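Visitor:
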Amino acid sequence: MIFCNHRYWYYLRKDDTTNSKNIQNTFLNNRNDFRKPLIKLNLIDNFLFSTFMENPEYSRELVKLIIKRATGRTLENFTIESQKMFNGIDTDRHGICLDVLIKEKSSFDNTKEVYNIEPNTYYDANIARRNRYYNSLTDSKLLFSGKDYDTLPELITIWILSYDPFGDNRMVYSVKNLVTENPSIGYNDGVTTLFLNTKGKIGGSEELANLLRFFSETNEDTAVDSDLRDIQRIVDTIKGDSKVGDKYMGMRSEIYYEKKISFTEGKAEGISEGEEMAKIEIAKRLKDLGVDHSIIEQAIANGTE
Numbered sequence: 035m036i037f038c039n040h041r042y043w044y045y046l047r048k049d050d051t052t053n054s055k056n057i058q059n060t061f062l063n064n065r066n067d068f069r070k071p072l073i074k075l076n077l078i079d080n081f082l083f084s085t086f087m088e089n090p091e092y093s094r095e096l097v098k099l100i101i102k103r104a105t106g107r108t109l110e111n112f113t114i115e116s117q118k119m120f121n122g123i124d125t126d127r128h129g130i131c132l133d134v135l136i137k138e139k140s141s142f143d144n145t146k147e148v149y150n151i152e153p154n155t156y157y158d159a160n161i162a163r164r165n166r167y168y169n170s171l172t173d174s175k176l177l178f179s180g181k182d183y184d185t186l187p188e189l190i191t192i193w194i195l196s197y198d199p200f201g202d203n204r205m206v207y208s209v210k211n212l213v214t215e216n217p218s219i220g221y222n223d224g225v226t227t228l229f230l231n232t233k234g235k236i237g238g239s240e241e242l243a244n245l246l247r248f249f250s251e252t253n254e255d256t257a258v259d260s261d262l263r264d265i266q267r268i269v270d271t272i273k274g275d276s277k278v279g280d281k282y283m284g285m286r287s288e289i290y291y292e293k294k295i296s297f298t299e300g301k302a303e304g305i306s307e308g309e310e311m312a313k314i315e316i317a318k319r320l321k322d323l324g325v326d327h328s329i330i331e332q333a334i335a336n337g338t339e
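Per my numbering, numbering of the sequence shown is gapless, rising by one per residue and ending at 339.
#1: With K70 as the anchor, note down where its beta strand (DSSP E) starts and where it stops.
#2: Which one of K235, N231, D280 has the shortest CA to CA distance from Y157?
#3: Within 10 Å of its beta-carbon, does A312 have 16 or more other beta-carbons around it, so buried, or fewer, so exposed?
#4: By alpha-carbon positions, which one of D198, E147, E95 ends up nearest to E138?
#5: Taking its Cβ as the centre, do 16 or more other Cβ atoms sit within 10 Å of P217, making it buried, or is it exposed?
#6: By Cβ distance, which residues of its chain are closer than 8 Å to L228, with the 5 residues on each side in sequence left out?
#7: In angstroms with no decimal places, state the Cα-to-Cα distance between K70 and T185.
#8: Run the CB neighbour count on P153, radius 10 Å, all protein chains shown included, and call it buried at 16 or more, exposed below.
#9: For a minimum of 3 consecutive residues, which ranges assigned as the beta strand (DSSP E) are wholly contained in the stretch 200-281?
#10: Does DSSP classify F142 as helix, strand or coil?
#11: Along the chain, where does the beta strand (DSSP E) containing T105 start, and where does it finish?
#12: What would DSSP say about K137, mapped onto helix, strand or coil?
#13: Taking buried to mean at least 16 other C-beta atoms within 10 Å of its own C-beta, is V97 buried or exposed?
#14: Select from K235, R166, T155, N160 the residue whose C-alpha is nearest the C-alpha of E251.
#15: For I151, write down the residues that DSSP places opposite it in a beta bridge.
#16: So D259 packs on K233, CB below 8 Å; how close in whole Å?
#17: Please name the residue, chosen from S239, L323, E215, I268, that lies closest to E88 on a Cα-to-Cα basis.
#18: Return the CA-CA distance between E110 and Y92, expressed in angstroms with no decimal places.
#19: Mapping DSSP to helix, strand and coil, what is F81?
#20: Along the chain, where does the alpha helix (DSSP H) that runs through S179 open and close?
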């Protein structure tokens, strides 16, 4: 199983000159998922969702349910790619890893709609710009050389968030581009983003509310309809799989040791930085007292021996 968060491990290496601060922050936040035992994970947690999506049979049922309740559309002829990685346009450009990418085919076997589903358990103040980048990089992979722009499929990105991204207490925030001077003018670039807030109270259907609650609290009590009970049975199967348990424990161990190493290195760097700050402060005070520059240099040098 390819696991995007596990991939971020390698971006934390000191010798990685193309290190991305955003990827570091994503890893550091999402690795908090591993503080929970496997049995306590919810579908919104990255590991459980990714594991669910790795199974072709399981993933189809969950994907259809999410898209049906979020958009009202019923998927029929579609393919699923989990943990889909897109490289940046160059080696020094930020790449992305999509949790799940769904392509629905038309009757002519052309891709007519593309869905990207992204559960997210940590607060991201830059979620709108992150979404912009995800959409643009995804789009860049959908138009082949020699093809006209009208062949670009509809792109629908669905974020499932454990927090309210815009503070309006809405269950659904639907975002499309428009002409600001006159919103009634038709401007259809084929891109739609849905931010689903698991804590939202305004708007949305009862079925969507049930799904979002189930995502944030995945258990028998929140599986309140037949579709959710079917998903809960699959979740129970996944959590009871010894191979999944071994994989999860292995990741927890690696993150524990990475955290331990990072703490040790950070402590050493902090001590060194503190010593440098102390030298600067001493030099300033001696200078204020009128001490000769050469004497100050000698005093600082002696203090480091």
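Where is the CB? At the ideal position from N, CA and C, for every residue including glycine. Nothing here was measured: the structure is a model prediction, and the numbers come from that model.
Guide: Straight from the coordinates:
#1: Walking along the sequence shown from the start, residue 70 turns up at place 36. It is not in any beta strand (DSSP E) - K70 carries neither H nor E in the DSSP assignment.
#2: Residue mapping note: residue 157 aligns to position 123 of the sequence shown, counting from 1. Measuring from the Cα of Y157, the nearest candidate turns out to be N231.
#3: Locating residue 312 in the sequence shown gives position 278, counting from the first residue. That one is exposed.
#4: Here residue 138 corresponds to residue number 104 of the sequence shown, with the count starting at 1. Cα-wise, what sits closest to E138 is E147.
#5: As a working note, residue 217 is residue 183 in the sequence shown. It counts as exposed.
#6: Along the sequence shown, one-based indexing puts residue 228 at 194. Counting only Cβ-Cβ distances below 8 Å, and skipping sequence neighbours, we find A104, T105, I190, T191, I192, W193, V206, Y207, S208, V209.
#7: Locating residue 70 in the sequence shown gives position 36, where the first residue counts as 1. Locating residue 185 in the sequence shown gives position 151, where the first residue counts as 1. One C-alpha to the other measures close to 44 Å.
#8: The sequence position of residue 153 within the sequence shown is 119, counting from 1. Classification of P153: buried, given that the 10 Å Cβ count is 16 or more.
#9: 206-209, 225-231
#10: Counted from its first residue, the sequence shown places residue 142 at position 108. The answer is coil: DSSP assigns F142 none of H, G, I, E or B.
#11: Residue mapping note: residue 105 aligns to position 71 of the sequence shown, counting from 1. Here T105 belongs to no beta strand (DSSP E); instead the alpha helix (DSSP H) covers 90-105.
#12: As a working mapping, residue 137 is identified with position 103 in the sequence shown. Strand, per DSSP.
#13: The residue labelled residue 97 in the question sits at position 63 within the sequence shown. Buried, because 16 or more other Cβ atoms sit within 10 Å of the Cβ of V97.
#14: As a position in the sequence shown, residue 251 is number 217, starting the count at 1. Nearest option by C-alpha distance: T155.
#15: Walking along the sequence shown from the start, residue 151 turns up at place 117. Beta-bridge pairing links I151 to V134, I192.
#16: Here residue 259 corresponds to residue number 225 of the sequence shown, with the count starting at 1. Here residue 233 corresponds to residue number 199 of the sequence shown, with the count starting at 1. Not a contact, Cβ separation roughly 20 Å.
#17: One-based indexing of the sequence shown puts residue 88 at position 54. Comparing Cα positions, the closest option is I268.
#18: Indexing the sequence shown from 1 puts residue 110 at position 76. Indexing the sequence shown from 1 puts residue 92 at position 58. Roughly 15 Å between the two C-alpha positions.
#19: On the sequence shown, position 47 is the one that residue 81 refers to. Three-state result, F81: helix.
#20: For the purposes of this step, residue 179 is identified with residue 145 of the sequence shown, where counting begins at 1. No alpha helix (DSSP H) holds S179; DSSP gives it neither H nor E.
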